[in-house]
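*Asks:*
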Amino acid sequence: MATGLESRRAGALRSTAVAAPDIGANDSIVASTTAAPAAASSAVAGDLPTSSVEIKDHRSFARGGFSTIVAGTFLDPAAGSNCVAIKVALKCAAVKDNCHPGASDASLSDCLLRKEAYLYDYLKHPALLRCFGSLTTAGGKHALVLELMEGGSLQKVVTEARRVAAARTAGATARFIPAFLSDHWLVQKLRTAVAYRITTTPVATAPPPTSRVAASTTMAVANVAHALLPAAFTARVLRDVASALTYLHELQHAHGDVQKGNVLLEVTPDAWLSATDVDDDGWRDLARPIARLSDLGTVRDLRIPGDLPSIYMPVPGVRSWPATQVFTSPAISAPEVLRGAPKCILKPWTPMSDVWSWGVLTWELTTGKEAWSDLRSIVCVRRRVLAGKDLQWPDTAPAGFDAVQKLGQSALARDADARPSSRQLLVAMNAVVASLDVGRPSGL
1 MATGLESRRA
11 GALRSTAVAA
21 PDIGANDSIV
31 ASTTAAPAAA
41 SSAVAGDLPT
51 SSVEIKDHRS
61 FARGGFSTIV
71 AGTFLDPAAG
81 SNCVAIKVAL
91 KCAAVKDNCH
101 PGASDASLSD
111 CLLRKEAYLY
121 DYLKHPALLR
131 CFGSLTTAGG
141 KHALVLELME
151 GGSLQKVVTE
161 ARRVAAARTA
171 GATARFIPAF
181 LSDHWLVQKL
191 RTAVAYRITT
201 TPVATAPPPT
211 SRVAASTTMA
221 VANVAHALLP
231 AAFTARVLRD
241 VASALTYLHE
251 LQHAHGDVQK
261 GNVLLEVTPD
271 AWLSATDVDD
281 DGWRDLARPI
291 ARLSDLGTVR
301 DLRIPGDLPS
311 IYMPVPGVRS
321 WPATQVFTSP
331 AISAPEVLRG
341 APKCILKPWT
351 PMSDVWSWGV
361 LTWELTTGKE
371 AWSDLRSIVC
381 VRRRVLAGKD
391 LQWPDTAPAG
401 FDAVQKLGQS
411 ALARDADARP
421 SSRQLLVAMN
431 AVVASLDVGR
441 PSGL
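Each residue of the sequence shown is one higher than the one before, counting from 1 in full-length UniProt numbering.
#1: Tell me whether Glu250 sits in a helix, a strand or coil according to DSSP, three-state version.
#2: Compute the Euclidean distance between the alpha carbons of Asp295 and Pro398, then round it to the nearest angstrom.
#3: Sort out for me which residues DSSP pairs Cys83 with in a bridge.
#4: Kindly provide the ranges of any alpha helix (DSSP H) runs that are 4 or more residues long and lie completely inside the stretch 308–338, ordered along the chain.
#5: Have a look at Phe61, Gln424 and Ala287 and flag the residue whose alpha-carbon is nearest the alpha-carbon of Glu150.
#6: Identify, in the order they occur along the chain, each residue of the same chain with its Cβ nearer than 7 Å to the Cβ of Trp349, setting aside the five sequence neighbours on each side.
#7: Between Pro330 and Val381, what straight-line distance do the alpha-carbon atoms span, to the nearest angstrom?
#8: Give the DSSP-derived three-state secondary structure of Ala17 in the structure shown.
#9: What is the residue span of the beta strand (DSSP E) that Leu144 lies within?
#10: Please list the terminal residues of the continuous beta strand (DSSP E) segment that includes Arg292.
#11: Which of the three DSSP states, helix, strand or coil, is assigned to Val404?
#12: If Leu112 sits next to Gly261, beta carbons under 8 Å apart, how far is it from one beta carbon to the other, in whole angstroms?
#13: If you drop the 5 nearest sequence neighbours on each side, which residues of the same chain put their C-beta closer than 6 Å to that of Ser109?
#14: On the criterion of 16 or more Cβ atoms from any shown chain inside 10 Å, does Asp270 qualify as buried, or is it exposed?
#15: CA-CA distance, His226 and Ala165?
#16: Can you have a look at Cys131 and say buried or exposed, based on whether 16 or more other CB atoms are within 10 angstroms of its CB?
#17: With burial defined as no fewer than 16 other Cβ atoms inside 10 Å of the residue's Cβ, what is the status of Glu147: buried or exposed?
#18: Exposed or buried, what is Ala431 when buried is set at 16 or more other beta-carbons lying within 10 Å of its beta-carbon?
#19: Return the chain-ordered list of same chain residues with a C-beta closer than 7 Å to the C-beta of Phe233, the five sequence neighbours on each side being excluded.
#20: Apply the 10 Å Cβ neighbour rule to Ile304 and answer buried if 16 or more other Cβ atoms are within range, or exposed otherwise.
#21: For Gly368, I'd like the list of residues in its chain whose CB is within less than 6 Å of its CB, leaving aside the five on either flank, ordered along the chain.
#22: Please report the Cβ distance between Tyr118 and Pro316, rounded to the nearest whole angstrom; I am assuming they are in contact, meaning their Cβ atoms lie under 8 Å.
#23: State the Cα-Cα distance for the pair Val263 and Glu370, rounded to the nearest angstrom.
#24: Can you round the beta-carbon distance between Lys87 and Thr73 to whole angstroms, since I take them to be within the 8 Å contact cut?
#25: State the Cα-Cα distance for the pair Gln424 and Arg376, rounded to the nearest angstrom.
#26: Go ahead and pull the three-state DSSP assignment for Ala431.
#27: Would you check if the distance between the CB atom of Ala275 and the CB atom of Arg288 is smaller than 8 Å?
#28: Measure from the alpha carbon of Arg63 to the alpha carbon of each residue in Gln155, Lys124, Ser310 and Ala387, then state which is nearest.
#29: Mapping DSSP to helix, strand and coil, what is Ser107?
#30: Kindly give me the distance between the Cβ atoms of Gly359 and Ala411, rounded to whole angstroms, as I take these residues to be in contact under 8 Å.
#31: In terms of residues, what are the limits of the beta strand (DSSP E) holding Ser134?
#32: With a threshold of 16 other CB atoms inside 10 Å of the CB of Val379, please say whether the residue is buried or exposed.
#33: When we look at the beta-carbon of Lys115 and count the other beta-carbons within 10 Å, is it buried (16 or more) or exposed?
#34: From Asp402 to Glu364, what does the alpha carbon distance come to, in whole angstroms?
#35: In the DSSP assignment, the alpha helix (DSSP H) including Leu365 goes from what residue to what residue?
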């Protein structure tokens, strides 16, 4: 999520949270019932004293367009000391041009965190990020205290899986390089680049020729996918995101920024795969989420009157928003959202727009690629989407991804009314999870 003029980098203005909630033994998202949110208080509930939080390391381990994340300790009166992620408002020069005259770009970041604190106070679900509360730092910046997620973000996990796949491919081709050149930095760089290219692009294959003419003139290009994560693990992640969206949508909220950086993992794929029959952490419980949807800064409350529900909603502690425009990366934006002036989204973001973003996420996890990574700029992405071009699904889904691919394709229907609802996605993904026997790491 970002505000104002289009950035030259997709996602450059996104804010990424790095935390998530505990899941109790009685929590379940298989049914994913929706309860009405409690009435929000006139002031942000759960304001914490500065003394309740201690920063362990001032170095940021994650950073977004509007905030930075540092590790700390939170003294919870109910649960004792906890390791937490502290999300601190950050000065964001990239949105300066869109702030009102006299308003600081830092104030926009502060307002967005106040909005998140307000929403976290009444939006509570096992597949949503948990927030302990908010506070004002000694430097006067607003901050959120979030539970630290051991698995990190889905973006980091996918990036690491891609690096490992590239290194494996590079090792397989090392025999073609003379020994005296193998350690040269340029050779290593080229080897990595070639390996990445091999693992992320379609493969050209020649079908069995039926004649001499066919053998010499026919070359078919098969769209081959190489998923980077186990199918069973991927299914649970996508199910959990669908569960969070179902909760939000049935409370008439739209998330607005469903992408890998905002999906946080309780456990890494490797740790999940190594789980034993005696699983003290409960990862093998099918109903327990292993992923959380985070970052409520882009949420729209669709109950608020108006033709264009905005992220700049009334929030306690925010007298007026220093910006009016909003921009979300075209890579995850539905066609109906992108129709409008290039520098301002004129169409509202709806729950069906979230479903489209879920479809893009599904495409990326199925293919192991970044959506529209072949294009140089987000302007080109926007033009491609509005021109009716679609992300190309593999001709044959990777093993275990058949049902997931079909759901992803339905979520990317250009007609918003033709897309499944988040509730329908959740029901379907629960069936996929059960069919893959996700509760057993060996059952891939």
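Backbone N, C-alpha and C define an ideal beta-carbon position, used for all residues, glycine too.
*Replies:* According to the data block:
#1: The three-state secondary structure of Glu250, taken from DSSP, is helix.
#2: The straight-line gap from Cα to Cα measures roughly 30 Å.
#3: Beta-bridge pairing by DSSP links Cys83 to Thr73.
#4: As summarised for the stretch 308–338, the continuous alpha helix (DSSP H) elements at least 4 residues long and confined to that stretch are 335–338, given in chain order.
#5: Measuring from the Cα of Glu150, the nearest candidate turns out to be Phe61.
#6: Only Ala254, Gly256, Arg300 and Val337 meet the Cβ criterion.
#7: In a straight line, the C-alpha of Pro330 is about 6 Å away from that of Val381.
#8: Residue placement at Ala17 is flagged as unreliable, the pLDDT there being 34, under the threshold of 50; a coordinate-derived value is accordingly withheld.
#9: Following the DSSP letters along the chain, one finds Leu144 inside the beta strand (DSSP E) bounded by residues His142 to Glu147.
#10: It spans Ala291 to Leu293 - the beta strand (DSSP E) in which Arg292 sits, taken as one unbroken run.
#11: Of the three classes helix, strand and coil, the one that applies to Val404 here is helix, per DSSP.
#12: With a Cβ gap of about 16 Å, Leu112 and Gly261 do not count as contacting.
#13: Closer than 6 Å at Cβ, skipping near neighbours: Phe66, Ala89, Leu90 and Cys92.
#14: The residue is exposed, with fewer than 16 neighbouring Cβ atoms inside 10 Å.
#15: Straight-line Cα distance between these residues: approximately 10 Å.
#16: So Cys131 counts as buried.
#17: Looking at its Cβ environment, which holds 16 or more other Cβ atoms inside 10 Å, Glu147 is buried.
#18: So Ala431 counts as exposed.
#19: Counting only Cβ-Cβ distances below 7 Å, and skipping sequence neighbours, we find Pro269 and Trp272.
#20: When all chains shown are included, Ile304 counts as exposed.
#21: His226, Ala227 and Leu228.
#22: Between Tyr118 and Pro316 a beta carbon distance of about 6 Å is seen, short of the 8 Å cut, so the two are scored as contacting.
#23: So the alpha carbons of these two residues sit roughly 15 Å apart.
#24: Cβ atoms of Lys87 and Thr73 stay farther apart than 8 Å, at about 15 Å.
#25: In a straight line, the C-alpha of Gln424 is about 35 Å away from that of Arg376.
#26: DSSP, read as helix, strand or coil, puts Ala431 in helix.
#27: 8 Å or more divides the Cβ of Ala275 from the Cβ of Arg288.
#28: Sorting Gln155, Lys124, Ser310 and Ala387 by C-alpha distance to the C-alpha of Arg63 places Gln155 at the top.
#29: Correct three-state label for Ser107: helix.
#30: Right, their Cβ atoms sit about 3 Å apart.
#31: If you look at Ser134, you'll find it in the beta strand (DSSP E) that goes Cys131 to Thr136.
#32: Flag for Val379 reads exposed.
#33: Per the 10 Å Cβ criterion, buried.
#34: Spanning the two alpha carbons is a distance of roughly 14 Å.
#35: Note, Leu365: alpha helix (DSSP H), Pro351 to Thr367.
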